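In mature numbering (1 follows the signal peptide of the UniProt record, and there is no 0), the protein residues as written are -25 to -1, 1 to 365.
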C-alpha cells in the first residue's frame, strides 16, 4: 500500500515539475478590441507608451480636434488677460459659434473656453487673428510650434478650427501627442475637462456645455478627465478623450467613424482595454543596474507601462540601455555609465542588481517545483526511517 502511495506522490510531483514553469512562464495576451474607426490610438500619457494603434500614421482630417492644438498654442503664446476685439471675418465663419459680434471685446481666455468647450469657430478665428494677425499667418506659426516644440511630424493645419480643407491633415498619433503635451498645462486641462460654463456675451448669455458625451456623463465612465469631439462630412466623427485611474493615465484618439455614437463605443472599448490590462510603474533617479562589473544608473526618474498580469524582465544591454519587456510591451531606457574610478567589485548585495532580470532562476515559476521536490525528498526520508525502525 505504501508503495502505491509513494508511486502516486512521485507521479504528482513529476507532473508539477513539468507543468508549473509553463503555467507561470506563459501568459496569454488579451484579445485586442475591435475598432471601427478608420484610425485610432491608445497612449499612456506619463510613459508615452502606445498600447493600441490602428493606422496611427495615416493622414486624416481632424475636424474640430484641431482646436486642441489652437488652444495649447494660445495658452502658451498669448496673454490670457488680453482683450480681443472681434472682427467681421471672425463673425462670418461657418459652423458652430458662440455668437460673437463685430467689435465685441472678449478676453483671450474666454475665447479659448468658448472654442474648446462649445467648439466655437468664431472664437477660433478671433484667437488666430489676435495672436498672428491673420488665419494664414497663424497657421504657419502653429505648424512651426507643433513641429519644433511638440515634436510631431505628420501634421499640416491650414486653419484654427478644423473646417474642411484638403491640405488640413494630421494623424491619430500626432493628435495623441498634442494632447499628451497639452496635459502638462493646468490651464489647458482645466478647460479641456470643463462640462459647463456660464457664458456672458454681448448678445448671448447662456450656459455653454461640452459636446463630448463621455465628459458630460451621457455615457457614464469612471475617470474621464477631458475630451473634444469633432465632425465634418469629410472627416467623419472624431474624438479625443483623456481618463485616469490610479497611476494609469490614458489618451484615446479615434478618427473617421461613420456613426455619431460609434465613436464613443470605440473609445470605451479602448479605455476598458487599457485599464484592464496595463499599469504604469516608475524607476527612481539614481537606481543602479550592473552589467558585469560596470555600474549604470537611471539619470532621471522614468515611468514605464507594462502588463498588469505579468512580471517584467529587466536586462541591461551592452550599449548601456535598460530593456524592460513582457509579452505585450517593450521599453528601452538609456542609462548613465558610472565612471570606472568609482566602480568596486560586486559584493553579494549588488549581485541581485546584475541585469535586474525579474524572471531569473529564483522566481516563482522555479521555486514551486523546487519546493515540491524538497517536500518529496523529506517524505521519502521519513518513510525510509520508519521502515528502518521496524
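Glycine is no exception: its CB is placed at the ideal position from the N, C-alpha and C atoms. Please read these numbers as outputs of a predicted model, since none were measured by experiment.
For residue 264, which three-state DSSP category applies? DSSP, read as helix, strand or coil, puts residue 264 in strand.
Span of the beta strand (DSSP E), counted from its first residue to its last, around residue 282: 277 to 282 is the extent of the beta strand (DSSP E) around residue 282.
For residue 91, count neighbouring C-beta atoms within 10 Å of its own C-beta (all shown protein chains included) and say buried if the count is 16 or more, exposed if not. Here residue 91 is buried: its Cβ has 16 or more other Cβ atoms, across all protein chains shown, within 10 Å.
Just the C-alpha distance for residue 38 and residue 254, rounded to the nearest angstrom, thanks. About 32 Å.
Can you tell me whether residue 63 is buried or exposed, with buried defined as 16 or more other CB within 10 angstroms of its CB? Label assigned to residue 63: exposed.
Look up residue 45 in the DSSP assignment and say whether it is helix, strand or coil. Three-state DSSP puts residue 45 in a helix.
Spatial distance of residue 151 from residue 75 (CA atoms): C-alpha separation (whole angstroms): 30 Å.
At least three beta-carbon pairs within less than 8 Å, the region 42 to 60 to the region 83 to 102: By the C-beta criterion, the region 42 to 60 is judged to be in contact with the region 83 to 102, since at least 3 inter-stretch pairs fall below 8 Å.
Where does residue 171 sit, in a helix, a strand or coil, going by DSSP? In the displayed model, residue 171 falls within a strand according to three-state DSSP.
What would DSSP say about residue 92, mapped onto helix, strand or coil? The three-state secondary structure of residue 92, taken from DSSP, is helix.
Residue 13 to residue 54, Cα distance in whole Å? Residue 13 and residue 54 have their alpha carbons spaced roughly 38 Å apart.
In angstroms with no decimal places, state the Cα-to-Cα distance between residue 33 and residue 302. Rounded to whole angstroms, the gap between the alpha carbons of residue 33 and residue 302 is 27 Å.
If you drop the 5 nearest sequence neighbours on each side, which residues of the same chain put their C-beta closer than 8 Å to that of residue 131? Within the same chain, 118, 142, 143, 144 and 145 come within 8 Å of residue 131 by CB-CB distance, once the 5 residues on both sides are set aside.
Counting only the same chain and skipping the five closest in sequence on each side, list residues whose C-beta sits under 8 Å from that of residue 160. Short of 8 Å from the beta carbon of residue 160, and not among the five residues preceding or following it, lie these beta carbons of its own chain, in chain order: 47, 50 and 51.
Taking the straight line between their C-alpha atoms, what separation do you get for residue 245 and residue 306? Cα-Cα distance, rounded: 21 Å.
Can you tell me which of the three DSSP states residue 273 falls into? The answer is coil: DSSP assigns residue 273 none of H, G, I, E or B.
Would you kindly work out how many angstroms separate the C-alpha atoms of residue 286 and residue 279, rounded to a whole number? Residue 286 and residue 279: Cα-Cα distance of roughly 13 Å.
In the region 184 to 236, which residue ranges form an unbroken beta strand (DSSP E) of at least 3 residues, counting only runs that do not cross its ends? Runs found: 199 to 207, 211 to 220 and 223 to 232.
Return yes when the Cβ of residue 154 is within less than 8 Å of the Cβ of residue 226, no when it is not. Taking 8 Å as the cut-off, the Cβ atoms of residue 226 and residue 154 count as close.
My output table needs one value for residue 74: the three-state DSSP class, helix, strand or coil. The answer is coil: DSSP assigns residue 74 none of H, G, I, E or B.
Which listed residue (288, 229 and 309) has its alpha carbon closest to that of residue 10: Closest option to residue 10, judged by alpha-carbon separation, among 288, 229 and 309: 229.
Might you give, ordered along the chain, the residues of its own chain that have their beta carbon closer than 6 Å to the beta carbon of residue 234, omitting 5 neighbours on each side? Closer than 6 Å at the Cβ level, and outside the excluded window around residue 234, lies no residue.
Distance, Cα to Cα, residue 168 vs residue 23? Computed Cα separation, rounded: 21 Å.
I need the boundaries of the alpha helix (DSSP H) containing residue 121, first residue and last residue. Membership of residue 121 in any alpha helix (DSSP H) is not indicated, and neither H nor E is assigned to it by DSSP.
Looking only at DSSP bridge pairs, what is residue 256 linked to? Its beta-bridge partners are 279.
According to DSSP, simplified to helix, strand and coil, what is residue 299? In the three-state scheme derived from DSSP, where H, G and I count as helix and E and B as strand, residue 299 is classed as strand.
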